[in-house]
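Numbering (my numbering), first residue to last: 2 to 78.
Every residue gets a Cβ at the ideal spot worked out from N, C-alpha and C, and that includes glycine.
Because the structure is a prediction, the values reported are computed rather than measured.
Please read the structure below before turning to the comments.
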C-alpha cells in the first residue's frame, strides 16, 4: 500500500501532519524515522533530519538544535 501524495504548501504554512509531528518531536526530542514519512516536508525544509548514527530515528534539524533557541530559560550549556 502506498501513501497518498503529500499536499503542497509554503514553508511558512506547515500542513497539519507536519505541525503535529514537529510538536511531538519538540516534546520527545526525536522520533522514529518511519513516523517522519507522514510529513516529508519537515525533512525537505530542514526542520527534521536523520539522527546521526541511526537509520531508524529522526531528530530536530541540526541548525535549530545548535542555535540554542529551544533551551529552557535558566538552563546552562
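Listed in chain order, the non-local C-beta contacts of residue 7 below 7 angstroms within the same chain comprise 41, 42, local neighbours out to five positions each way being set aside. Assignment of beta-bridge partners to residue 33 by DSSP yields 58. Per DSSP, reduced to three states, the secondary structure at residue 42 is helical.
With a beta-carbon spacing of about 12 angstroms, residue 20 and residue 49 fall beyond the 8 angstroms limit used to define contacts. In this structure residue 35 is exposed. Its beta-carbon is surrounded by fewer than 16 other beta-carbon atoms within 10 angstroms. Comparing alpha carbon positions, the residue from 45, 33, 39 closest to residue 12 is 45.
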